[in-house]
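Heads up: the sequence shown begins at 1 in the UniProt record's numbering, then just goes up one per residue. Worksheet: one structure, shown below.
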Amino acid sequence: MRSTHARKTGSGATRKTTRREDRRIVRQALVDPTVTRSTIRADVGVAIVPQTISRHLAEANLKSKHPFCALPLTPEHRQLRLQWCQARSMWNVTDWQKVVFRDESRFVWGTDDNRVRVWRHPGERYNSPHIVLRHTARTAGVMVWGAIAYDSRSTLIVMRGTLMDQRYVDDIL
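In structure tokens form, the structure reads like this:
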């Protein structure tokens, strides 16, 4: 019986880019992880659709991902964090049972359109070229505060507006 389902060599669409152009596409995403597909297409100068660019980048194991957002830390901030950790490096379980960890998070409406993306390999989320620094600012949203200890937790407190020192003392503590 003769097989009729085998693909013929050379069948299918012809490749629109050369190997050199393929390398250029990948190099652009590596040099500037926030580069858009339309910018890459304009720089390469070949009439290709955005999906072709994504496919070439996927072949190089580069995926379009949302960047990790982090607060910018000064060298002084980093030093203080390191000192805090070093001062507690020899603590035992009994010491840690006496600690209360508290944190607050702000959820903002309407300011981040979530359109910034980065091209990166798997496992590179926290590498500096793939991190977008964000500053805190007064924007419409809600503040959520909570605390945990070794054997307990606080109730979750939801606050609208900004959380200033006196309001923190009055409403939370």
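The beta carbon of each residue, even a glycine, is placed where N, CA and C say it ideally should be. All figures in this text were calculated on a predicted structure; none of them were measured in a lab.
Pull up the DSSP beta-bridge partners for Val108, would you. Secondary-structure assignment with DSSP links Val108 through a beta bridge to Gly141.
Buried or exposed for His66, going by 16 or more other Cβ atoms inside 10 Å? Exposed is the call here.
Please report how far the alpha carbon of Arg117 lies from the alpha carbon of Asp95, in whole angstroms. Approximately 42 Å between the Cα atoms of the pair.
Compare the beta carbon distance of Lys63 and Arg120 with 8 Å and say whether it is the shorter of the two. For the pair Lys63 and Arg120, the CB atoms are nearer than the 8 Å cut-off.
Proximity below 8 Å, CB of Phe68 to CB of Ile157: Contact flag unset, no.
Measure the CB-CB distance between Arg115 and Gly141 and report whether it falls below 8 Å. Going by C-beta atoms, Arg115 is not nearer than 8 Å to Gly141.
Environment of Val31 [buried if 16+ CB atoms lie within 10 Å]: Answer is exposed; the Cβ neighbour count stays below 16.
Mapping DSSP to helix, strand and coil, what is Arg99? Looking at the sequence shown, residue 99 is not Arg but Val. Correct three-state label for Val99: coil.
Could you tell me whether the stretch 75-84 touches the stretch 35-54, where touching means 3 or more Cβ pairs closer than 8 Å? No: the two stretches stay apart, fewer than three of their Cβ pairs being nearer than 8 Å.
Which of the three DSSP states is assigned to Ile131 in this structure? Note: Ile131 maps to strand in three-state DSSP.
Nearest to Ala13 by CA position, among Arg125, Thr52, Pro129, is which residue? Proximity to Ala13 across Arg125, Thr52, Pro129 peaks at Thr52, based on C-alpha coordinates.
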